[in-house]
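The structure appears below as structure tokens.
Number of protein chains: 2
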Amino acid sequence: MFQNVARPRGRPRSFDESDALKKATQVFWSKGYDGVTIDDLVAVMGLGRSSLYGIFGDKRTLFLRVLRAYAEAKGARAAKALFSPPALRDSLAGFLRHAVEAATEEGSAPGCLMVCVAPLVDDPEVKQFLKDAAAAGLALVERRFRDGISAGEIPSDFPVTARARQVLDLARGLTMHAQMGASRKTLLNDAEEAADLVLLPRRGNAAPDV
Amino acid sequence: MFQNVARPRGRPRSFDESDALKKATQVFWSKGYDGVTIDDLVAVMGLGRSSLYGIFGDKRTLFLRVLRAYAEAKGARAAKALFSPPALRDSLAGFLRHAVEAATEEGSAPGCLMVCVAPLVDDPEVKQFLKDAAAAGLALVERRFRDGISAGEIPSDFPVTARARQVLDLARGLTMHAQMGASRKTLLNDAEEAADLVLLPRRGNAAPDV
DNA sequence: GACATTCTGGAACATTTAGTCCGAAACTCC
DNA sequence: GGAGTTTCGGACTAAATGTTCCAGAATGTC
Numbered sequence: 001m002f003q004n005v006a007r008p009r010g011r012p013r014s015f016d017e018s019d020a021l022k023k024a025t026q027v028f029w030s031k032g033y034d035g036v037t038i039d040d041l042v043a044v045m046g047l048g049r050s051s052l053y054g055i056f057g058d059k060r061t062l063f064l065r066v067l068r069a070y071a072e073a074k075g076a077r078a079a080k081a082l083f084s085p086p087a088l089r090d091s092l093a094g095f096l097r098h099a100v101e102a103a104t105e106e107g108s109a110p111g112c113l114m115v116c117v118a119p120l121v122d123d124p125e126v127k128q129f130l131k132d133a134a135a136a137g138l139a140l141v142e143r144r145f146r147d148g149i150s151a152g153e154i155p156s157d158f159p160v161t162a163r164a165r166q167v168l169d170l171a172r173g174l175t176m177h178a179q180m181g182a183s184r185k186t187l188l189n190d191a192e193e194a195a196d197l198v199l200l201p202r203r204g205n206a207a208p209d210v
Numbered sequence: 211m212f213q214n215v216a217r218p219r220g221r222p223r224s225f226d227e228s229d230a231l232k233k234a235t236q237v238f239w240s241k242g243y244d245g246v247t248i249d250d251l252v253a254v255m256g257l258g259r260s261s262l263y264g265i266f267g268d269k270r271t272l273f274l275r276v277l278r279a280y281a282e283a284k285g286a287r288a289a290k291a292l293f294s295p296p297a298l299r300d301s302l303a304g305f306l307r308h309a310v311e312a313a314t315e316e317g318s319a320p321g322c323l324m325v326c327v328a329p330l331v332d333d334p335e336v337k338q339f340l341k342d343a344a345a346a347g348l349a350l351v352e353r354r355f356r357d358g359i360s361a362g363e364i365p366s367d368f369p370v371t372a373r374a375r376q377v378l379d380l381a382r383g384l385t386m387h388a389q390m391g392a393s394r395k396t397l398l399n400d401a402e403e404a405a406d407l408v409l410l411p412r413r414g415n416a417a418p419d420v
């Protein structure tokens with residue numbers, strides 16, 4: 001038989017840790033950092049105050065943990081959107097579409113924890129984390145462009161870094177637009193157009209044969 | 211002689227109203243809505259609590275007033291950036307440059323009250339105001355594109371609305387990027403490139419002779 | 001100079017908030 | 001079954017926060 005997974009000693013927890021983290025994510029996401037009270041968290045996460053403090057630490061620590069988990073999941077999905085489709089254009093459209101869909105998910109608040117909420121948190125650790133995450137996102141898109149050059153989809157003098165930065169700016173802009181109440185349908189349309197735009201050849205260069 | 215400007219009765223104020231509003235703007239801008247306490251405002255605005263409540267109303271009312279004043283000023287500057295330069299390309303670059311400069315002003319917090327702070331305020335009046343402001347911004351850029359069509363700078367089938375939306379998305383993205391700590395120099399560079407990008411002809415269309 | 005009016009400074013208040021503490025509960029190990 | 005360990009639930013505390021109140025000060029009006 002299988003050995004039972006070693007149950008820790010003591011009284012078992014009455015809640016699921018990762019589930020509670022997801023709930024906490026939603027709370028921060030919809031109310032911002034300063035707008036969230038411990039009581040909000042306790043009410044939604046399904047545990048008592050002492051458990052919250054005992055297991056997750058204080059508000060700031062919990063937020064950092066939530067942020068890291070969120071960033072990891074988002075990064076993985078972004079990478080998948082970028083590197084699964086064979087055609088570069090579909091990669092970019094998928095990347096932007098994913099940003100829009102995440103920002104307009106029903107059942108979640110509009111916007112994005114990393115783009116709309118975290119930048120307002122006055123904490124050096126959060127700020128550094130965001131910088132690193134932004135750099136990682138940029139590197140991802142740049143890599144996809146370089147793959148596109150190798151595959152002959154775009155010319156070798158394609159302005160990789162500049163366009164990658166624009167892709168991220170567009171994604172951030174779409175996300176903020178979602179937070180401000182734009183509809184998913186509209187934003188998805190914008191995302192498609194943005195994907196086309198970014199791939200346009202520079203003025204004076206010949207269009208690539210696709 | 212000139213008639214004295216009718217001084218109101220009663221004890222005169224010990225502070226300048228519009229100056230106090232500007233100070234309040236900075237406070238909300240840098241700390242977000244929930245992050246600001248009345249004590250913060252009192253300390254910076256140079257008046258007492260009672261004066262604050264008596265003259266500006268409660269926190270929410272004050273924020274709305276700050277937001278409206280901020281939006282008006284920003285709108286005026288955006289319109290100037292858009293409609294002063296004769297060349298469309300310079301208009302767009304100026305518009306985006308202005309967004310970047312406002313978001314990276316020294317002495318102010320990075321980012322933008324309307325783009326980064328207000329969307330997180332949980333208040334229907336604020337949300338509606340933001341929607342209206344976004345629509346107004348879009349209309350402004352669309353108008354500038356139409357002027358460009360009239361002047362023959364871009365073809366008559368230029369996708370005015372789609373590109374205008376992209377301009378605003380890029381501006382929002384650059385602003386959020388500023389909030390996340392990107393340098394003014396980098397962002398100004400991105401703004402210039404974005405202006406060029408948005409004016410590229412659609413694939414398959416002839417480039418306009420400029 | 002008396003009065004009405006408007007603002008000021010600070011005290012006062014009720015509520016909310018982050019964080020702590022402790023006895024009781026639920027489990028494992030022996 | 002008892003000892004040891006971990007979590008639970010809720011009471012508790014100290015500080016903070018938004019808002020109100022009031023006596024007094026500084027001005028115009030008559």
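For the record, the sequence lines run as chains W and Z.
When we follow the working numbering, the leftmost residue of the first sequence carries the number 1, and every step to the right adds one.
When we follow the working numbering, the leftmost residue of the second sequence carries the number 211, and every step to the right adds one.
By construction, the Cβ of each residue, glycine as well, lies at the ideal position given by its N, Cα and C atoms.
For clarity, every value in this text was computed on a predicted model and none was experimentally measured.
- Taking the beta carbon of W/R143 as reference, no residue of chain Z falls within 8 Å; the closest one sits roughly 19 Å away.
- The beta carbons of W/T25 and W/Y70 sit about 6 Å from each other, so the pair counts as a contact at 8 Å.
- In the three-state DSSP reduction, Z/L409 falls in the coil class, being neither helix nor strand.
- With fewer than 16 neighbouring CB atoms inside 10 Å of its own CB, Z/D332 falls in the exposed class.
- Across the structure, W/D39 and W/G10 are spaced so that their CA atoms are roughly 26 Å apart.
- When secondary structure is reduced to three states using DSSP, W/Y70 falls in the helix class.
- Contact fails between the segment 128-136 of chain W and the segment 224-243 of chain Z, because fewer than three Cβ pairs, one in each stretch, are under 8 Å apart.
- Taking 7 Å as the Cβ-Cβ cut-off, the segment 384-415 of chain Z approaches chain W at L384, M386, H387, Q389, M390, G391, D400, E403, A404, L407, L410 and R413, given in chain order.
- Taking a C-beta distance under 7 Å as the contact criterion, W/A194 and W/L187 do not qualify as a contact pair.
- Among the residues of the segment 86-120 of chain W, those with a Cβ less than 8 Å away from any Cβ of chain Z are G111, V115, C116, V117, P119 and L120, in the order of the chain.
- Ranked by Cα distance from Z/L257, the options Z/D229, Z/P218, Z/P334 and Z/V370 are led by Z/D229.
- Between Z/P320 and Z/S301, the alpha-carbon positions lie close to 23 Å from each other.
- Not a single CB atom of chain Z sits nearer than 7 Å to the CB of W/A24.
- Close CB contacts of Z/R259 within its chain, under the 8 Å cut and outside five residues either way in sequence, are with I248 and V252 (chain order).
- Inter-residue distance for Z/A216 and Z/P365 is about 56 Å (C-alpha atoms, whole angstroms).
- DSSP, reduced to helix, strand and coil, places Z/R307 within a helical segment of the structure shown.
- At least one CB of chain W lies nearer than 7 Å to the CB of Z/G245.
- When DSSP states are grouped into helix, strand and coil, Z/F238 belongs to the helix group.
- For the options Z/D400, Z/L384 and Z/L378, the alpha carbon positioned closest to that of Z/G285 is the one of Z/L378.
- When DSSP states are grouped into helix, strand and coil, Z/F368 belongs to the coil group.
- Between the alpha carbons of W/L170 and Z/Q376 lies a distance of about 7 Å.
- Counting along the chain, Z/R356 sits inside the alpha helix (DSSP H) bounded by residues P334 to S360.
- The beta-carbon of Z/D249 is placed no less than 7 Å from the nearest beta-carbon of chain W.
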